[in-house]
Amino acid sequence: MPKTLRELFVDQFKLCKLTSSETVAVISELGQKTQYAEAAVAAARDLGAGALVLTASSLSNPMLPPYEADGREVAALLAAAAECDLVIDVTVGGLIHSDVRTRITGNGKRMLFVAEPTDVLERLMGDENLRAVVEAGGRLLRAGNTLRVTSAAGTDLTADISGENLPITHQWGYVDEPGRWDHWPSGFVACFPHDRTAQGQIVLQAGDVLIPWQRAVRDTVTLTVEDGFITDIKGDGNDAFVLRDYMEAWHDPEVYALSHMGWGVHPIARWSAFEVYEPRSLYGQELRSTAGNFMWSTGPNRFAGRETPAHLDIPMRACTVEIDGVAVVRDGRLTGEGA
Ligand SMILES: [Fe+2]
Numbered sequence: 012m013p014k015t016l017r018e019l020f021v022d023q024f025k026l027c028k029l030t031s032s033e034t035v036a037v038i039s040e041l042g043q044k045t046q047y048a049e050a051a052v053a054a055a056r057d058l059g060a061g062a063l064v065l066t067a068s069s070l071s072n073p074m075l076p077p078y079e080a081d082g083r084e085v086a087a088l089l090a091a092a093a094e095c096d097l098v099i100d101v102t103v104g105g106l107i108h109s110d111v112r113t114r115i116t117g118n119g120k121r122m123l124f125v126a127e128p129t130d131v132l133e134r135l136m137g138d139e140n141l142r143a144v145v146e147a148g149g150r151l152l153r154a155g156n157t158l159r160v161t162s163a164a165g166t167d168l169t170a171d172i173s174g175e176n177l178p179i180t181h182q183w184g185y186v187d188e189p190g191r192w193d194h195w196p197s198g199f200v201a202c203f204p205h206d207r208t209a210q211g212q213i214v215l216q217a218g219d220v221l222i223p224w225q226r227a228v229r230d231t232v233t234l235t236v237e238d239g240f241i242t243d244i245k246g247d248g249n250d251a252f253v254l255r256d257y258m259e260a261w262h263d264p265e266v267y268a269l270s271h272m273g274w275g276v277h278p279i280a281r282w283s284a285f286e287v288y289e290p291r292s293l294y295g296q297e298l299r300s301t302a303g304n305f306m307w308s309t310g311p312n313r314f315a316g317r318e319t320p321a322h323l324d325i326p327m328r329a330c331t332v333e334i335d336g337v338a339v340v341r342d343g344r345l346t347g348e349g350a
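Below you can see the structure in the form of structure tokens.
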């Protein structure tokens, strides 16, 4: 029998090692995703923990310009969240790339974003095995110097990932350590290559995925990448046209930057999710997590001081991902290297 959202939050909080002496803060937006806030509070109480809901009147979540950043309510949210142990983010867009996240986790708090429908939360719930595979990927990125991605479609991209201090994102979908952020559900590892080092070209083909547009690519699109920025977008079909139109709309050179790069490892996540579910009901975690994808992204990078709401996550199929010449993904399948 499928679990209720409250039961799923209980399972999730157990993974997060929530104790009865702790307090959960739920950050929400007025009138939005209220069932998530209520389920999180009820589940925290089921486990004997304290719980409160911090509700902003609204947070900006622009999909297209014009927009104006407005952080007035964030300072108050932060002050209250700082008194809690586990912060559950059920805002619409998620406080993912903002410095809110850094300020909460930098304080040693655990923070978890939740956005997917109940069915997806249940199907893709993380576990120790998933965590081990994500961590193994992180070790390979940490030890590597050069990330190279190729495909039969024509992708050939390299980026500098050298050094001990490379920012690496390990996402297995729960937060059981102080200072950890995650998004339930997840199953991927990614890094932020050194800024302005990515070079080459990325060739999108039908079946690759555009998030948050929540649809598959239909036409071939060739993106030229120079010094970490997209400098040309070519293609005969509508996809190249709308990608150019979207990027141009922001009138901001930062939107052309490459951001995180990595690969999916979740054994349950399916490419067909955008076809099977109502795609706009999804946040896209299932596609981000498909085992053997190469996922790269555009725009914001808090490690490079870049904040723009123009962020595309693009999981690609049938790529080969190599670290210093050793494939971790070959032709869209995990090689098991490092595991
Ligand atoms: Fe992203």
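Read left to right, the sequence shown gives residues 12 to 350 (our numbering).
Virtual Cβ for every residue (Gly too), placed ideally from N, Cα, C.
Please read these numbers as outputs of a predicted model, since none were measured by experiment.
Write down the C-beta distance between residue i and residue j rounded to the nearest angstrom, noting that I regard them as a contact closer than 8 Å.
{"i": "residue 21", "j": "residue 57", "result": "5 Å"}
{"i": "residue 39", "j": "residue 116", "result": "Residue 39 to residue 116, Cβ: 19 Å. No contact."}
{"i": "residue 227", "j": "residue 285", "result": "6 Å"}
{"i": "residue 65", "j": "residue 88", "result": "5 Å"}
{"i": "residue 137", "j": "residue 198", "result": "7 Å"}
Residue range of the alpha helix (DSSP H) that residue i falls in?
{"i": "residue 25", "result": "16-26"}
{"i": "residue 256", "result": "249-260"}
{"i": "residue 36", "result": "Careful: residue 36 lies outside any alpha helix (DSSP H), inside the beta strand (DSSP E) at 34-40."}
{"i": "residue 300", "result": "296-300"}
{"i": "residue 289", "result": "No alpha helix (DSSP H) contains residue 289, which DSSP labels as neither H nor E."}
I'd like to check one pair, residue j with residue i: are the Cβ atoms closer than 9 Å?
{"i": "residue 203", "j": "residue 122", "result": "no"}
{"i": "residue 302", "j": "residue 143", "result": "no"}
{"i": "residue 263", "j": "residue 321", "result": "yes"}
{"i": "residue 127", "j": "residue 269", "result": "no"}
{"i": "residue 15", "j": "residue 129", "result": "yes"}
{"i": "residue 96", "j": "residue 52", "result": "no"}
{"i": "residue 106", "j": "residue 124", "result": "yes"}
{"i": "residue 261", "j": "residue 13", "result": "no"}
{"i": "residue 250", "j": "residue 229", "result": "yes"}
{"i": "residue 265", "j": "residue 109", "result": "no"}
{"i": "residue 180", "j": "residue 201", "result": "yes"}
{"i": "residue 134", "j": "residue 279", "result": "yes"}
{"i": "residue 339", "j": "residue 345", "result": "yes"}
{"i": "residue 299", "j": "residue 316", "result": "no"}
{"i": "residue 343", "j": "residue 304", "result": "yes"}
When we look at the beta-carbon of residue i and count the other beta-carbons within 10 Å, is it buried (16 or more) or exposed?
{"i": "residue 26", "result": "buried"}
{"i": "residue 196", "result": "buried"}
{"i": "residue 312", "result": "buried"}
{"i": "residue 30", "result": "exposed"}
{"i": "residue 328", "result": "buried"}
{"i": "residue 111", "result": "buried"}
{"i": "residue 326", "result": "buried"}
{"i": "residue 296", "result": "buried"}
{"i": "residue 287", "result": "exposed"}
{"i": "residue 357", "result": "Outside the modelled stretch of the chain, which goes from 12 to 350, sits residue 357, for which no answer is possible."}
{"i": "residue 28", "result": "exposed"}
How is the beta strand (DSSP E) around residue i delimited, first residue to last?
{"i": "residue 100", "result": "97-100"}
{"i": "residue 270", "result": "269-275"}
{"i": "residue 266", "result": "That residue, residue 266, is in no beta strand (DSSP E); it is neither H nor E in DSSP."}
{"i": "residue 234", "result": "232-237"}
{"i": "residue 11", "result": "The requested residue 11 does not occur in the structure, where the chain is confined to residues 12 to 350."}
{"i": "residue 240", "result": "240-245"}
Would you verify that the beta carbon of residue i is, or is not, closer than 9 Å to some beta carbon of chain D?
{"i": "residue 112", "result": "In the structure shown, chain D does not exist; there is a single protein chain."}
Please specify which runs of the alpha helix (DSSP H), each continuous and at least 4 residues long, are wholly inside the region 159-228, giving them in chain order. Positions of the alpha helix (DSSP H) runs, each at least 4 residues long and wholly inside the region 159-228, cannot be given because no such run exists.
Extract the residue ranges of the alpha helix (DSSP H) inside the region 57-103, only unbroken runs of 4 or more that lie entirely within it. Unbroken alpha helix (DSSP H) stretches of 4 residues or longer found wholly inside the region 57-103: 83-92, given in chain order.
Entirely enclosed alpha helix (DSSP H) segments - the region 94-154, minimum 4 residues: Here the runs fully enclosed are 110-116, 129-134, 139-154.
Which ranges does the beta strand (DSSP E) cover as unbroken runs of at least 3 residues, wholly within the region 317-345, from first to last along the chain? Correct list: 324-327, 330-334, 337-341.
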